[in-house]
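Data first, discussion second: the structure below is written as structure tokens.
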Amino acid sequence: MQQNQKASITGIGSYLPSKILTNHDLEKMVDTSDDWIVQRTGIKERRIVENSMVTSDLAAQASLRAMEDAGVSPRDIDMIITSTITPDHFFPSTSCYIQQKIGAMRASAFDILAACAGFIYALSIAQSVVNSGAVKTILVVGAECLSKITDYTDRTTCVLFGDGAGAAIVQKSNTKHEIISTNLAADGSQADILIMPGGGARNPAALESIQQRLHYIQFKGKEVFKLAITNITNLILETVEKNGLKLSDIDLIIPHQSNLRIIEATMEKLGLPMEKAFVNIDKYGNTSSASVPIAIDEARREGRIRKGDMVMLVAFGGGLTWGSSLIRW
Ligand code: UT7
7 MQQNQKASIT
17 GIGSYLPSKI
27 LTNHDLEKMV
37 DTSDDWIVQR
47 TGIKERRIVE
57 NSMVTSDLAA
67 QASLRAMEDA
77 GVSPRDIDMI
87 ITSTITPDHF
97 FPSTSCYIQQ
107 KIGAMRASAF
117 DILAACAGFI
127 YALSIAQSVV
137 NSGAVKTILV
147 VGAECLSKIT
157 DYTDRTTCVL
167 FGDGAGAAIV
177 QKSNTKHEII
187 STNLAADGSQ
197 ADILIMPGGG
207 ARNPAALESI
217 QQRLHYIQFK
227 GKEVFKLAIT
237 NITNLILETV
247 EKNGLKLSDI
257 DLIIPHQSNL
267 RIIEATMEKL
277 GLPMEKAFVN
287 IDKYGNTSSA
297 SVPIAIDEAR
307 REGRIRKGDM
317 VMLVAFGGGL
327 TWGSSLIRW
């Protein structure tokens, strides 16, 4: 019995701050309109943390919900892997703060960085480590306070991003949601098209880096947009083929929520109806690492996923990085 058990998602949880920033609020801050934002992105509002809150606060709340869902206690957790581009600090890791906040004092803890694809990267690591038998229970977190690195004077970026967190427990199981296959990819030749240039070794924090507004997200929107559609579409097709499936075997695609038009164009290229994609970007905007686990949690609470369904997680982001994960619910 034990031998047939595979790494599975045994619990899921999410947490969103209560403060809402609407498109109408943004109209008062930059030269934009609700109409433009809805038409070009599908976003109507996003959640924003209070100043005093940080990424590990959101992550801890999402983690406690995932732990409750899986029926695990803090002492059961062997490892914490967090994906974030907005860590509480460069170091120590945000996972260490989460460990302390949820009382998982037996767990090892580290962060990974693969931007918007980061939750799927972290899930892939957890899948391998759990399947290897090295540890039993891993907490995988995607959490972001993107509002802290968003330039609210730049209309081309500030309308897109929001804050939030999602978490999953990964354990061996033959009754829960098996992680059948994860597929990861990257293209460092395009590293500079989606970037926060300030604060690292190339542009350490300095008066000039602040004056040049380097500590905020910058991107070449159109280029990212096109590469996202091509790479996500190809990855979905590759994942399906690699697992001996057909596109019609996929019951629901849960994509990273970066732009409704990216999701629509991907579904059109695949020849799939929009009902097969889960969308909640209208409420939360782009929450980077957090978007996929938040979407999984909402999809199952809304009854969009039933036992036995084949669910495809897919994400694309800075790095460039992209990844997919096939889950049998
Ligand atoms: O998760 C990965 C991270 N995501 C991304 O990097 C985003 C990917 N890219 C996108 O989602 C889209 O490219 C955007 C939503 C960022 C932009 O949409 P677009 O259809 O590519 O618009 P655009 O950049 O071509 O801009 C069209 C026009 C421009 O005006 P002109 O030059 O035609 O006069 C912009 O200045 O819209 C203008 N514009 C705005 N107008 C009102 C740009 N941002 C805004 C705004 N409100 N917020």
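The numbering of the sequence shown is my numbering, which starts it at 7 and goes up by one. Even glycine gets a Cβ: it sits at the ideal position worked out from N, Cα and C.
Mind checking which residues open and close the alpha helix (DSSP H) that includes residue 272?
As a working note, residue 272 is residue 266 in the sequence shown. Run containing residue 272: 266-276, per the alpha helix (DSSP H) assignment.
Nearest neighbour of residue 286, chosen from 170, 95, 131 [CA to CA]:
Sequence index remark: in the sequence shown, residue 286 carries index 280 (1-based). The shortest C-alpha separation from residue 286 is found at 170.
When the distance is taken between beta carbons, is residue 83 closer than 9 Å to residue 156?
Against the sequence shown, residue 156 aligns to sequence position 150. Against the sequence shown, residue 83 aligns to sequence position 77. Against a cut-off of 9 Å, the Cβ pair of residue 83 and residue 156 comes out as no contact.
Ignore the nearest five residues each way along the sequence and tell me which others in residue 416's own chain have a CB closer than 6 Å to its CB.
The requested residue 416 does not occur in the structure, where the chain is confined to residues 7 to 335.
State the DSSP-derived secondary structure class of residue 150, mapped to helix, strand or coil.
The residue given as residue 150 occupies position 144 in the sequence shown. Of the three classes helix, strand and coil, the one that applies to residue 150 here is strand, per DSSP.
Give a single yes or no on whether residue 42 has its beta carbon closer than 8 Å to a heavy atom of the ligand UT7.
Stepping through the sequence shown from its first residue, residue 42 is reached at position 36. Residue 42 Cβ: within cutoff of the ligand UT7.
Closer than 6 Å by C-beta to residue 273: which residues in its own chain qualify, once you throw out the five before and the five after it? Chain order, please.
Taking the sequence shown and counting its residues from 1, one reaches residue 273 at position 267. These residues qualify, in order along the chain: 280, 283.
Nonlocal neighbours in the same chain, by C-beta distance under 6 Å from residue 196, ignoring five residues either side:
One-based indexing of the sequence shown puts residue 196 at position 190. Closer than 6 Å at Cβ, skipping near neighbours: 326.
With DSSP as the reference, please indicate the residues paired to residue 183 in a beta bridge.
Taking the first residue of the sequence shown as position 1, residue 183 is located at position 177. DSSP output for residue 183 lists 15 as bridge partner(s).
Suppose you measure from the CA of residue 79 to the CA of residue 95; what does that come to, to the nearest Å?
Here the question's residue 79 lines up with position 73 in the sequence shown. Here the question's residue 95 lines up with position 89 in the sequence shown. Approximately 27 Å between the Cα atoms of the pair.
Residue 162 Cβ short of 8 Å to the ligand UT7 heavy atom set:
Within the sequence shown, residue 162 is the residue found at index 156, counting from 1. Because some heavy atom of the ligand UT7 lies under 8 Å away, the Cβ of residue 162 counts as near it: yes.
Across the region 117-127 and the region 316-325, are there enough close Cβ pairs to call them in contact, namely three or more that are closer than 8 Å?
Touching, yes, given that three or more Cβ pairs across the two stretches are closer than 8 Å.
Quick one: what's residue 51 bridged to in DSSP?
Along the sequence shown, read from residue 1 onward, the residue named residue 51 stands at position 45. In the DSSP output, where bridge partners are listed per residue, residue 51 has 28.
Would residue 189 pass as a contact of residue 232 if the rule is Cβ separation under 9 Å?
For this step, residue 189 is matched to residue 183 along the sequence shown. For this step, residue 232 is matched to residue 226 along the sequence shown. No, the pair does not count as a contact, with Cβ atoms beyond the cut-off.
Is the region 40-49 close to the region 287-296, with three or more CB pairs under 8 Å?
Verdict: yes, contact present.
Roughly how many angstroms separate the alpha carbons of residue 10 and residue 180, rounded to a whole number?
Residue mapping note: residue 10 aligns to position 4 of the sequence shown, counting from 1. Residue mapping note: residue 180 aligns to position 174 of the sequence shown, counting from 1. In a straight line, the C-alpha of residue 10 is about 7 Å away from that of residue 180.
Does any heavy atom of the ligand UT7 sit closer than 8 Å to the C-beta of residue 268?
The residue labelled residue 268 in the question sits at position 262 within the sequence shown. Because some heavy atom of the ligand UT7 lies under 8 Å away, the Cβ of residue 268 counts as near it: yes.
Within 10 angstroms of its Cβ, does residue 77 collect 16 or more other Cβ (buried), or is it exposed?
The count along the sequence shown starts at 1 and reaches residue 77 at position 71. Exposed: under 16 other Cβ atoms inside 10 Å.
Contact check, residue 164 vs residue 32, beta carbons under 9 Å
Position 158 of the sequence shown holds residue 164. Position 26 of the sequence shown holds residue 32. Yes; because the gap between Cβ atoms is below 9 Å, this pair is in contact.
From the DSSP output, read off the bridge partner residues of residue 145.
Position 139 of the sequence shown, counting from 1, holds the residue named residue 145. Bridge partners of residue 145: 86, 175.
Do residue 224 and residue 203 have their C-beta atoms closer together than 9 Å?
Within the sequence shown, residue 224 is the residue found at index 218, counting from 1. Within the sequence shown, residue 203 is the residue found at index 197, counting from 1. Yes, these two residues count as a Cβ contact at 9 Å.
Restricting to Cα atoms, I'd like to know which of 227, 242, 69, 263 is closest to residue 317.
For this step, residue 317 is matched to residue 311 along the sequence shown. That would be 242, whose Cα lies nearest to the Cα of residue 317.
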